[in-house]
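Residue numbers (my numbering): 18 to 225. Glycine included, every Cβ here is placed at the ideal spot set by N, Cα and C. Because the structure is a prediction, the values reported are computed rather than measured. Here the structure comes first, spelled out in structure tokens, and everything after it is commentary.
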């Protein structure tokens, strides 16, 4: 194996508390009832955030633009809530000594540059593939661009995600998929992954 591709939210960064705050604001902004219930939110969320908005009947271009403004403002307002999962920095550092590492995410590249820089993780990654680089997951576009960038075959790569859409994207790109259960989706939605792990420590043991 030559390349390890990481999702960002729910794999590297714990953004669940932040996401809960954002969807509370969205509910108030668009007069949509979103129960204050973690299990409900985990079931509501889809990998492509536009699909999540469609579930809430937030569909017009104007509404989507408002959503993006709320999200980006929230990244500053709720910044202290977003932190790496315990054990992830150590895992990334160790794995970077053996493999090329990349982040493949539906989040914004500006967020990756800021947050991974803040926690001194950016130097361990060879590249970022984000929201403005191609079609969002669960389509495989971003993963395929990453493989092409590093001239790596699917058989030489692995993708780590926390949502069922990550697994769909990985399978479409023909790479091995690892699902982590400490992120957004529960294990029952991750059953199609090649491998399932429950912690960053297990992830490091698997790949090391």
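The alpha-carbon separation between residue 125 and residue 19 amounts to approximately 25 Å.
Note on residue 57: under 16 other CB atoms within 10 angstroms of its CB, so exposed under the neighbour-count rule.
DSSP places residue 50 outside both helix and strand once states are collapsed to three, so it counts as coil. Residue pairing by DSSP places residue 20 opposite 117 and 174 in a beta bridge.
With a contact defined as Cβ atoms closer than 8 Å, residue 164 and residue 21 miss out at about 12 Å. CA-to-CA, the gap between residue 127 and residue 149 works out to about 10 Å.
Around the beta carbon of residue 115, fewer than 16 other beta carbons lie within 10 angstroms, which makes this residue exposed. Scanning the region 97-148 for uninterrupted beta strand (DSSP E) segments of 3 residues or longer gives 117-121 and 144-146, listed from N- to C-terminal end.
Taking a C-beta distance under 8 Å as the contact criterion, residue 121 and residue 24 qualify as a contact pair.
The beta carbons of residue 147 and residue 129 sit closer together than 8 Å. Proximity to residue 85 across 102, 153, 66 and 221 peaks at 66, based on C-alpha coordinates. Cβ atoms of residue 46 and residue 87 come within 8 Å of each other, at about 6 Å.
Nearest to residue 216 by C-alpha distance, out of 204, 207 and 197, is 197. Under the Cβ criterion (8 Å, minimum of three pairs), the region 30-42 does not count as touching the region 167-185. In this structure residue 39 touches residue 91 by the C-beta definition: roughly 5 Å separates them, less than 8 Å. Distance from the CA of residue 69 to the CA of residue 54, rounded to the nearest whole angstrom, comes to 16 Å.
Contact between residue 144 and residue 119 holds, since their C-beta atoms are separated by about 5 Å, short of 8 Å.
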